[in-house]
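Let me begin by presenting the structure, written as structure tokens, before commenting on it.
In this note's numbering, the protein residues as written are 40 to 260.
Laid out in structure tokens, this is it:
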């Protein structure tokens, strides 16, 4: 698939997700995509060690996850007005710092009420994410979003932190995004639908472990 074909597929899936969450008339719901982009940009910044007043480490997995979350809202903003961006795939990214680019994406969204796709994909390049990597992670996040919806996310009964391991060290609690990222490492993009089964296995296993450990306050995890 070409980059344009992958992007078109992502737009189609985003339309389907918006319909699943808010119904076929989701465009009439007055959803503030620009605020959502701004908030996700702030969450992306939190994955970088920019705070000089405390010792923090970069979270490279969450950086990539937050990029995809921003993309979800950016595409939704363009879908809202039934428009399609022109992407300059071969354009070199701006010679600026990653942190500055994240802040600029947020500023443009709030001030000009537009999502700058070329700035976003330039940021992805700086963070060593090729477009096929973006596509695969987006497809994976779509499946996770569907899994969440199917398992009580809207009703508040979904368990977002799971107890498990990726085969490296002792079991621990991590967000479902963490297990999504590691599950994708073993699944080719052409078999991406298999991810749902993998997530279900991990989720069911997590519920069993929590029951065995007598964890009743699931919200604390």
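Idealized CB from N, CA, C, for every residue including glycine. Note that this is a predicted model, so its numbers are computed, not measured.
Residue i to residue j span [Cα, whole Å]
i           : j           : result
residue 176 : residue 93  : 31 angstroms
residue 144 : residue 239 : 35 angstroms
residue 115 : residue 153 : 11 angstroms
residue 83  : residue 107 : 10 angstroms
residue 190 : residue 134 : 43 angstroms
residue 48  : residue 141 : 25 angstroms
residue 236 : residue 243 : 11 angstroms
residue 192 : residue 96  : 30 angstroms
residue 245 : residue 251 : 10 angstroms
residue 73  : residue 228 : 30 angstroms
residue 113 : residue 247 : 37 angstroms
residue 249 : residue 197 : 13 angstroms
residue 194 : residue 67  : 22 angstroms
residue 262 : residue 75  : Residue 262 lies beyond the stretch modelled for the chain, which goes from 40 to 260, so this question has no answer here.
residue 91  : residue 40  : 43 angstroms
residue 222 : residue 151 : 37 angstroms
residue 63  : residue 89  : 41 angstroms
Residue nearest to residue i in terms of C-alpha spacing, selected from the options
i           : options           : result
residue 185 : 40, 44, 60        : 60
residue 123 : 194, 192, 155, 89 : 155
residue 218 : 201, 80, 81, 128  : 201
residue 165 : 226, 77, 203, 103 : 103
residue 121 : 222, 53, 229      : 53
residue 71  : 119, 245, 105     : 119
residue 163 : 146, 105, 68      : 105
residue 85  : 138, 248, 221     : 138
residue 224 : 75, 69, 172       : 172
residue 167 : 90, 222, 132      : 132
residue 117 : 98, 51, 63        : 51
residue 98  : 113, 226, 216     : 216
Nearest-angstrom beta carbon gap, residue j and residue i [assumed within contact, 8 angstroms]
i           : j           : result
residue 160 : residue 126 : 7 angstroms
residue 231 : residue 178 : 5 angstroms
residue 157 : residue 130 : 6 angstroms
residue 109 : residue 80  : 6 angstroms
Cut-off 8 angstroms between Cβ atoms - residues of its own chain near residue i, not counting five sequence neighbours on either side
i           : result
residue 56  : 111, 181, 184, 185
residue 188 : 59, 60
residue 65  : 57, 58
residue 147 : 153, 154, 155, 158
Cut-off 6 angstroms between Cβ atoms - residues of its own chain near residue i, not counting five sequence neighbours on either side
i           : result
residue 42  : 128, 170
residue 260 : Any reading at residue 260 needs caution, since the residue's pLDDT is 43, under 50, leaving its predicted position unreliable; the model's value is listed next. Answer for residue 260: 200, 212, listed in chain order.
residue 174 : 45
residue 220 : 100
residue 226 : 233, 234
Contacting residues, own chain, Cβ-Cβ under 7 angstroms from residue i (five flanking each side not counted)
i           : result
residue 214 : 199, 200
residue 241 : 201, 203, 218
residue 256 : Model confidence at residue 256 stands at a pLDDT of 48, short of 50, so the residue's coordinates are unreliable and nothing is read from them.
residue 258 : Since pLDDT at residue 258 reaches only 47, below the 50 mark, its modelled position is unreliable, and the value read off the structure follows with that caveat. Result list for residue 258: empty, nothing under 7 angstroms.
residue 149 : 73, 77
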